[in-house]
Amino acid sequence: MDFVSRRDFYQRRCLSTAFFLLVSYAVIVEWAVYFLSPWWSWPTLPPHNEVSTRVLVVGDPQLLGLVNTAPGFFGAVEIWDADRYIRKTFWRVHRFFKPHVVLFVGDIFDEAEFATDAHFDGYFRRFLEVFADLDMAQAIVIPGDNDIGGEVTPPKRRMIERFNRYFRSDPFASLNKVDFVKVCYVTRSYAYRAFLRSKEDHVRVVVSHLPLTSTYGAYVKDVVREIQPDLIFSGHEHLSEYVATGRSSKVVEKMVLRFTMDRVAARLNLSDGRVHEILAPTTSYRMGTYNVGYGAAVIDPDKVVTYGVLWSPNRLAHLFGYLLVLTVCLLLVLVAVTAPVSVFYLKLLLCRRQQ
């Protein structure tokens, strides 16, 4: 094999290696990890039956806005990738779990509290695209502080009314003897009072953006006394936690729900005289945490809840992996382009010296 043939072979091998490495990594992190999630990282939950109610909890998706993202092309890519990630994970979770009810526990958008009406309308359209697999009739949506304000400054009535125009504002919903009561700690609203009725044999579930049992202020005391919840779903903290509080003793117990290889779901007895609260993790990798996923609860009529987290692939680690893979591929391309030329000139120099 002459020098030119060796050079061409060497270049093709380096370039094909770089191409194979990049394509293989992309297939793994863009398809395989999502496809394998149900078998790799999701807990085993009870199968479908006619009496249980299946509840999917979507925590803090915080769809990115147009102000705090990078300008131009990079901002567009940033929004596109964040939306695509939530769309892919929600599609797979929704198809796998097949919930009766989907709870959105606030912070639907990242910048809605200061968005113009035109921007908010655009954000809502993106919401419908991201959660395209969702039947809005089965959705229960509550606002968070990023949607209407309330974390730094008091929420404005105009922001609250705008949010309610796009999402159903009814504070109460019931399905299969499970009552869902919206509680807006951000606004300290008592709108739920008009819909309360005797619990009888119903399971009463409170849906809140901010965690309730960890504060137990005056408003929370009113909520617990008047609603008498069996279970509370909340978000805001971007954590996956279970909190149990005694109704009379106010003794708080905490259990952090993390990914475990045995894929065992938690079973909660709602008849043990405690207020049970579950904090759902965020569904967006943009929150800077590696614990991203969807809460999945199966509520039985005998007030037993089976709960687990359907964890999402670690997008932050995958993006960092892209940097490493692209760096290696770039080095291979540089070697393919420059090394044969360097060898050629070295041989040419040696030939001249021999002459």
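Residue numbers 1 to 355, in full-length UniProt numbering, belong to the letters of the sequence shown in order.
C-beta atoms are modelled at their ideal positions from N, C-alpha and C, and glycine is treated no differently.
Since the model is a prediction, treat every value here as computed from it, not as a measurement.
Test item: CB-CB of residue i and residue j under 8 Å
{"i": "V102", "j": "A139", "result": "yes"}
{"i": "S212", "j": "V305", "result": "The sequence shown places Leu at residue 212, rather than the Ser named in the question. No, the pair does not count as a contact, with Cβ atoms beyond the cut-off."}
{"i": "T89", "j": "S312", "result": "yes"}
{"i": "R197", "j": "V181", "result": "no"}
{"i": "I142", "j": "M159", "result": "no"}
{"i": "residue 368", "j": "G72", "result": "It is not possible to answer for residue 368, since the shown part of the chain is limited to 1 through 355."}
{"i": "G246", "j": "Y25", "result": "no"}
{"i": "L15", "j": "A296", "result": "no"}
{"i": "A265", "j": "G308", "result": "yes"}
{"i": "V207", "j": "V223", "result": "no"}
Which listed residue (the options) has its alpha carbon closest to that of residue i
{"i": "R172", "options": "I227, A297, L36, F90", "result": "The identity of residue 172 in the sequence shown is Phe, whereas the question assumes Arg. Minimum Cα distance to F172 is reached at I227."}
{"i": "A137", "options": "P99, T116, F233", "result": "P99"}
{"i": "R126", "options": "G65, F320, F9, I148", "result": "G65"}
{"i": "R87", "options": "E78, G122, D133, P155", "result": "D133"}
{"i": "A43", "options": "D201, S174, R267, A82", "result": "It should be pointed out that residue 43 corresponds to Pro in this sequence rather than to Ala. Looking at the Cα atoms, R267 is the closest of the given residues."}
{"i": "V298", "options": "F73, T17, F97, A26", "result": "F97"}
{"i": "F109", "options": "F163, N314, E78, V77", "result": "F163"}
{"i": "V178", "options": "D201, C184, E30", "result": "D201"}
{"i": "L310", "options": "E30, S41, I28, L36", "result": "S41"}
{"i": "P38", "options": "R263, N314, E237, T289", "result": "R263"}
{"i": "E253", "options": "G293, F320, S214, L15", "result": "S214"}
{"i": "E50", "options": "D300, V337, Y34", "result": "D300"}
{"i": "R225", "options": "Y242, R193, A244", "result": "R193"}
{"i": "Y242", "options": "V223, G217, N269", "result": "N269"}
{"i": "T153", "options": "E161, F114, Y10, S169", "result": "F114"}
{"i": "N314", "options": "D8, E30, R13", "result": "E30"}
{"i": "F35", "options": "R95, V77, F195, S174", "result": "R95"}
{"i": "D135", "options": "K221, W91, A280, V23", "result": "W91"}
{"i": "L319", "options": "D8, R13, V77", "result": "V77"}
Cβ-based neighbour list, residue i, same chain, cut-off 6 Å, excluding 5 preceding and 5 following
{"i": "N176", "result": "T53"}
{"i": "S271", "result": "K303"}
{"i": "D145", "result": "E151, V186"}
{"i": "A118", "result": "none"}
{"i": "V67", "result": "E111"}
{"i": "L346", "result": "The predicted position of L346 is uncertain, since its pLDDT is 48 and thus under 50; a value taken from the coordinates is nonetheless stated next. No residues qualify anywhere along the chain."}
{"i": "H236", "result": "H209, L210"}
{"i": "F104", "result": "V58, V141"}
{"i": "V183", "result": "V206, S208, V223"}
Contact set for residue i: own chain, Cβ-Cβ below 7 Å, skip 5 residues either direction
{"i": "G75", "result": "T69"}
{"i": "L21", "result": "V325, V328, C329"}
{"i": "A191", "result": "P171"}
{"i": "T289", "result": "H238, T282"}
{"i": "R188", "result": "Y219"}
{"i": "L349", "result": "Its pLDDT being 48, under 50, L349 is placed unreliably by the model, and the measurement read from it follows with that caveat. Contacts found: none."}
{"i": "I79", "result": "L64, T69"}
{"i": "P155", "result": "I148, G149, V186, T187"}
{"i": "L257", "result": "S240, E241, Y242, A266, V309"}
{"i": "V27", "result": "none"}
{"i": "F195", "result": "P171, F172"}
Environment of residue i [buried if 16+ CB atoms lie within 10 Å]
{"i": "M255", "result": "exposed"}
{"i": "T116", "result": "exposed"}
{"i": "A32", "result": "exposed"}
{"i": "V130", "result": "buried"}
{"i": "P46", "result": "exposed"}
{"i": "L128", "result": "exposed"}
{"i": "A317", "result": "exposed"}
{"i": "V292", "result": "buried"}
{"i": "F167", "result": "buried"}
Close-in-space but distant-in-sequence residues of the same chain around residue i (CB under 8 Å, 5 per side omitted)
{"i": "A112", "result": "G65, F120, Y123, N146, D147, I148, M159, F163"}
{"i": "H48", "result": "R54, K98"}
{"i": "T17", "result": "L332"}
{"i": "A82", "result": "L63, L64, S284, Y285, R286"}
{"i": "T338", "result": "none"}
{"i": "Y85", "result": "S284, Y285, S312, R315"}
{"i": "S248", "result": "G273"}
Cutoff 8 Å: residue i Cβ touching any chain C Cβ
{"i": "T153", "result": "The question asks about chain C, but that chain is absent: this structure has only one protein chain."}
beta-carbon residue i near the ligand ADP non-hydrogen atom, thresh 7 Å
{"i": "V205", "result": "Among the components modelled here there is no ligand, and therefore nothing to report on the ligand ADP."}
Contact between the region 49-65 and the region 279-289 (3+ Cβ pairs under 8 Å): yes
Contact the region 232-243 vs the region 273-280: 3+ CB pairs below 8 Å: yes
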